[in-house]
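Participant:
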Amino acid sequence: MTTTATTAVAAAALGTRGLSKTFGHGDLAVTAVRAVDLTVAPGEVVLVDGPSGSGKTTLLLMLGALLEPTAGSVIVDGDDIWALPERRRPSLRARHFGFVFQDFNLLGALSAAENVTLAANLAGTTGRAARELAAAALERVGLGHRTDFRPDQLSGGEKQRVAVARALVNNPAVILADEPTANLDAANGRQVARLLRALADDDHRAVIIVTHDNRLHDIADRILWLEDGALRQLDTLATDPVCHMAVTPADRPHIELDGTVWWFCSAGCRDEFAAAPARFTSPQKCVP
Amino acid sequence: MTHRVPLARRYLFGERRRALLSTAGVAVALLLVLILDGIFAGAMRQVTAYVRSSPAAVIVSQRGVRTMHMSNSALPADLAAQARAVEGVGWVAPIGFVSGVVGAQTGGRQLSYVIGYTPGQPGGPHHLVSGSAPVDGEAVIDQIAAVQLGLHIGDQVRVLGVWLQVSGLAEGGTSIVNTTTFVTAAELDRIHGPTISYLLVGAQPGTSATALRDTLTAALPDATVQTRAQFANQEAAVVADMSADVMRIMAIIGFAIALAVVCLTLFTATLARRRDYGIIKALGAGGGRLAGIVIAQAAWTITVALATSVALAFVVGRVVEAVAPTITIAIEPASVLRVAIGAAVIGAASALAPLRRVVAVDPASAFRRTS
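Sequence lines, in order, name chains A and B.
Just so you know, we're using the working numbering here: the first sequence kicks off at 1 and counts up by one.
Just so you know, we're using the working numbering here: the second sequence kicks off at 289 and counts up by one.
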């Protein structure tokens, strides 16, 4: 690593150098993430997109101190979290990261307030102080009136907002979100997206989102494409009109139709489109 | 302030049906142990009731004989006079003691200790519920035996094959095994032949029971001399020796059932919550915190079950005594303490397997999709 690069990573909310993960050994070895260099600044929202099985969640797990990399480092506060003793990692997760999951992952036995308070407890804040932090976090996500409700009494959007409150209750520098809008309808998805953007803008947290959801492109400062374990930054994306996957126009199959270029994730989608364009061309445009 | 979200309690009591079944299962198992212990303690009380309620400081028996229960004692006729001459002796009351059968004209029969004593002297029934002390040709029977045999004061009762008239009803002399019948010493001599089985000896003021025992032991080398407490303990030991193995086996079975129930409950609850444990671990819980949740669940289960079982034991004791008066269920603090210690041990043991599971939970499992 160069001195300049080291300084940049140290100033970042989170950085990685040569981060790799290989599962299995020998002939059966599968490399899910290979040599990823990534720097995320405070207040930045970074989207990581890519096909299923491309290694997005594996990358997120390594960033969040949940899965040990095969090689490379994850730098937080100037320390490589994977060089720390294992006993220090739970505390690091509690204090430095906020997690938002696709399935919300609220504890069904606890109320909304208790779910958030528990996260504060895990970071070492207990009693009234923890309850006050939880109340403030729930108020922040617009659920101050639903604190005593259990998850099964909340809508999907409300559950995810509780999860966001839980993620921010310990004032973490980094929010890691795994498909946070995948189980939400359009309105709730937009609301959660706005919340995540606000966590970056208002609190200067780094927000890293793994997602397939194109609705989240609007809130991203950067969009990264992970394919075959390698990251690539995308300036612009197009949407495959057949499968609705975000695709990079540069090296993808495409068709020009009535002056418009349509981009596809695969030749299969292109051929399906070519057979009956009218099925896919209205109402949205899929130009880069 | 260190108050935290009571996750263990929420998990345990959040699913009320499971919590109810598990605590009820453990409570019933502990209740079984408590009731068995209570029956045992009650039987001890009953068996030693005559000795414990006696005013004697010291009891003299045939050399080598230390109990009334399961024993036969015969003393020389002049031993009472020898005892009276010993320094520190306040009074001496010889009693005859024979095991036999009492019966009613209706055909009912009961095993009975028959005690012959001199009315007006110590050795008779501790408390007469009704009627009067016997004279020759009469007997005092226990009120529970009277109910069971359908006898009343004035009725005829067959004692060791001889018909006597019921003169009074005593209490506290009937156990699950037998009853106690009192006749005059002269009547016992007539029925059974001259019989002096034990000497009940009172101490003069200022003489302790142990001092009197030592003096009498020296003065009566051919007899066994014990304080009343020693004698009662020996009686209890005989009963304990006879039933200890059975009681121990039953207690082990009870504890084993409780252990199985707690183990099953905690294990299934832990498996059902495995994803939750993964989430909590991902959010920053260490292994110790997760272990604490499982241990707290075990502690809650055991505590609630123990409290329930003790309360139920008192209720069951009352009900049993009302339905079967010969059975006394004595729930004693020592018994509750023993069961509490046993329950704590099974709680700790039952937590072991779930502990291994939760500590091994992969926090990355929180990111696996459920659908």
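Beta carbons are placed, not taken as given, at the ideal position from N, Cα and C, and that holds for glycine.
Since the structure is predicted, the reported quantities are computational estimates derived from the model, not experimental observations.
Drop a sphere of 10 angstroms on the beta-carbon of Gly189 of chain A, count the other beta-carbons inside from all chains shown, and report buried for 16 or more, exposed for fewer.
Facilitator: buried
Participant: Report the residue from A:Arg161, A:Trp262 and A:Arg197 whose alpha carbon sits nearest the alpha carbon of Arg215 of chain A.
Facilitator: Selected option, being the one with the closest Cα: A:Arg197.
Participant: Does Asp27 of chain A get closer than 8 Å to chain B when you measure Cβ to Cβ?
Facilitator: no
Participant: Using a Cβ-Cβ cut-off of less than 8 Å, list which residues of the stretch 102 to 126 of chain A approach chain B; keep chain order.
Facilitator: Gln102, Asp103, Asn105, Leu107, Gly108, Ala109, Leu110, Glu114, Thr117, Leu118, Ala119, Asn121, Leu122, Ala123 and Thr126
Participant: When DSSP labels each residue in this structure, what does Ala35 of chain A get in the three-state scheme?
Facilitator: strand
Participant: Go through its chain and collect everything with a Cβ distance to Glu303 of chain B's Cβ below 7 Å, but skip five positions before and after it.
Facilitator: none
Participant: Closer than 8 Å, Cβ to any Cβ of chain A: which residues of the stretch 630 to 655 of chain B, in chain order?
Facilitator: Pro651, Ala652, Ala654 and Phe655
Participant: Are the CB atoms of Lys21 of chain A and Pro69 of chain A within a distance shorter than 8 Å?
Facilitator: yes
Participant: I'd like to confirm the pairing. Which residues does DSSP put opposite Thr22 of chain A in its beta bridges?
Facilitator: A:Thr31
Participant: Among B:Val447, B:Gly388 and B:Ala491, which has the Cα closest to the Cα of Pro410 of chain B?
Facilitator: B:Ala491
Participant: What residues of chain D sit near Thr57 of chain A, judged by a beta carbon separation below 8 Å?
Facilitator: Going by chain labels, chain D is absent from the structure shown, which instead holds the protein chains A and B.
Participant: Identify the residues that DSSP records as bridge partners of Phe470 of chain B: which are they?
Facilitator: B:Ile403 and B:Val428
Participant: In terms of alpha-carbon separation, which member of B:Thr483, B:Leu600, B:Ala610 and B:Gly635 lies closest to Thr553 of chain B?
Facilitator: B:Gly635
Participant: Of all Cβ atoms in chain A, is any one closer than 8 Å to the Cβ of Ala557 of chain B?
Facilitator: no
Participant: Is the number of C-beta pairs between the stretch 344 to 363 of chain B and the stretch 470 to 490 of chain B that are closer than 8 Å three or more?
Facilitator: Yes, the stretch 344 to 363 of chain B is in contact with the stretch 470 to 490 of chain B.
Participant: Say yes only if the C-beta of Ala595 of chain B is nearer than 7 Å to one or more non-hydrogen atoms of the ligand GDP, and no if none qualify.
Facilitator: As for the ligand GDP, it is missing from this structure, which has no ligand bound.
Participant: Consult DSSP for Ala465 of chain B and reduce its assignment to one of helix, strand or coil.
Facilitator: It is worth fixing the name first, because residue 465 of chain B is Val in this sequence and not Ala. Correct three-state label for Val465 of chain B: coil.
Participant: Kindly say whether Gly460 of chain B, judged by its beta-carbon, lies nearer than 8 Å to any beta-carbon of chain A.
Facilitator: It does not; no Cβ of chain A falls within 8 Å.
Participant: Taking Cβ positions only, does Phe99 of chain A come closer than 8 Å to chain B?
Facilitator: yes
Participant: Helix, strand or coil for Ala8 of chain A? Go by DSSP, reduced to three states.
Facilitator: Below a pLDDT of 50, predicted positions are generally treated as unreliable, and Ala8 of chain A, at 47, falls in that range; the measurement from the model is reported next regardless. In this structure, Ala8 of chain A counts as helix in the three-state DSSP scheme.
Participant: Within the same chain, show all residues whose beta-carbon is closer than 7 Å to that of Asn115 of chain A, passing over the 5 residues directly before and after it, in chain order.
Facilitator: Leu106, Leu107, Val162 and Arg166
Participant: Measure the alpha-carbon distance for Pro277 of chain A versus Asp271 of chain A and round it to whole angstroms.
Facilitator: 10 Å
Participant: Just to confirm the assignment, what range does the alpha helix (DSSP H) spanning Gln522 of chain B have?
Facilitator: Start and end: Arg516 to Ala560.
Participant: Whole beta strand (DSSP E) runs in the stretch 207 to 281 of chain A with 3 or more residues, listed along the chain?
Facilitator: 222 to 227, 230 to 234, 254 to 257 and 260 to 263
Participant: So, with DSSP's three-state summary, where would you put Arg383 of chain B?
Facilitator: The sequence as given places Ile at residue 383 of chain B; Arg does not occur at that position. Correct three-state label for Ile383 of chain B: strand.
Participant: Pull up the distance between the alpha-carbon of Leu600 of chain B and that of Asp203 of chain A, whole angstroms please.
Facilitator: 58 Å
Participant: Cβ closer than 8 Å: which chain B residues qualify as neighbours of Asp146 of chain A?
Facilitator: For clarity, residue 146 of chain A is Arg in the given sequence; the question names Asp instead. Within 8 Å Cβ-Cβ: nothing; Arg146 of chain A doesn't reach chain B, min ~17 Å.
Participant: Check Leu487 of chain B in the structure and name its three-state DSSP category.
Facilitator: Strand.
Participant: What are the start and end residues of the beta strand (DSSP E) that includes Gly408 of chain B?
Facilitator: Where Gly408 of chain B is concerned, there is no enclosing beta strand (DSSP E), given that its DSSP letter is neither H nor E.
Participant: May I have the straight-line CA-CA distance separating Ile568 of chain B from His25 of chain A, to the nearest angstrom?
Facilitator: If you take the alpha carbons of Ile568 of chain B and His25 of chain A, they lie about 31 Å apart.
Participant: Terminal residues of the continuous beta strand (DSSP E) containing Trp377 of chain A?
Facilitator: Because chain A is modelled from 1 through 288, residue 377 of chain A falls outside the range shown and cannot be assessed.
Participant: Give me the residue from A:Ala173, A:Val164 and A:Leu138 with the minimum Cα distance to Asp148 of chain A.
Facilitator: A:Leu138
Participant: Can you check DSSP and say which residues form a bridge with Arg478 of chain B?
Facilitator: Note: Arg478 of chain B sits in no beta bridge, so no partner.
Participant: Please identify, using Cβ separations under 7 Å, the residues of the stretch 165 to 178 of chain A that lie next to chain B, in order along the chain.
Facilitator: Those residues of the stretch 165 to 178 of chain A that come within reach of chain B (Cβ to Cβ, closer than 7 Å) are Asp178.
Participant: Does DSSP classify Asp443 of chain B as helix, strand or coil?
Facilitator: coil
Participant: With a Cβ-Cβ cutoff of 8 Å, do Ala71 of chain A and Gly18 of chain A count as a contact?
Facilitator: yes
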